[in-house]
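Reviewing the structure listed below.
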Amino acid sequence: MALNPLAIRDLTEAVVGCVCAALARTAEEIEGQPGCPCRACVVPGAPAWDSCDDPCGEDGGGGQLSVSVARIYGSSDAEFPNESRIVQGVRGCMPPPITALELVVTLLRCAPTFNENGCPPSCEDLGASAQVLHIDMVTVFNALLCCLPGTQQTRRGRRFVMGQQKTIGPEGGCVGLEQRVIVALPGCGKCPNDGEESP
4 MALNPLAIRD LTEAVVGCVC AALARTAEEI EGQPGCPCRA CVVPGAPAWD
54 SCDDPCGEDG GGGQLSVSVA RIYGSSDAEF PNESRIVQGV RGCMPPPITA
104 LELVVTLLRC APTFNENGCP PSCEDLGASA QVLHIDMVTV FNALLCCLPG
154 TQQTRRGRRF VMGQQKTIGP EGGCVGLEQR VIVALPGCGK CPNDGEESP
């Protein structure tokens, strides 16, 4: 089954929307927790740490949310999420049973830094920043667990495996999280020139 050319685009945009909605809900429930950043997008390759402050002004959600693709590879029902070692090309266009896509969700917020006198941030400021980060970590993890199954219209939903989540930074006044998830992409039917030998 060949992949739909828009399969990656549709999935990454759905993930940005899902995580953004979850961050907004959490901000409504927990006083002082920032919501979804106004800078929330799908990015090509690794995200640049362009901005972790609030570029939208006081009403915008501070930070930067991005979704990117780390890799795409063949797998199978028995091996998913592991990479398949099945030799391809012996029967023309025969895609692997499952195409796995590794997504990276990155969320950055402002981190407390040294003040104008060169003094380090207070324990209170560090604790407040840690609380925001820890709430963000749980929110992003829960968002993916809850919304990824619904991004494919099948009886059982989309197959995926939650990967590692880790903190990143602080660096350049930013601190945040990186969450990885491996998702099975659906096929869409026949390959181009189905039945013909590839050149």
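Quick note, the sequence shown lines up with residues 4 to 202 if you use this note's numbering. Every residue, glycine too, gets a C-beta built ideally from N, C-alpha and C. Note that this is a predicted model, so its numbers are computed, not measured.
With a 10 Å radius around the Cβ and a threshold of 16 neighbouring Cβ atoms, residue 167 comes out exposed. A residue is called buried when at least 16 other Cβ atoms come within 10 angstroms of its Cβ; residue 155 meets this threshold and is buried. In this structure, the beta-carbon distance from residue 111 to residue 38 does not fall below 8 Å.
The beta carbon of residue 8 sits closer than 7 Å to no other beta carbon from its chain once the five residues preceding and following it are set aside. Ranked by Cα distance from residue 46, the options 73, 21, 35 are led by 73. Residue environment: residue 83 is assigned as buried (16 or more neighbouring CB atoms within 10 Å of its CB, all protein chains considered). Each of 68, 34, 55 was checked against the Cα of residue 19, and the nearest Cα belongs to 68. Residue 189 has its alpha-carbon roughly 9 Å from the corresponding atom of residue 103. According to DSSP, residue 182 shares a beta bridge with 108, 168.
Of the candidates 11, 180, 28, the residue whose Cα lies closest to the Cα of residue 136 is 180.
Taking the CA atoms as reference points, residue 126 sits about 35 Å from residue 48.
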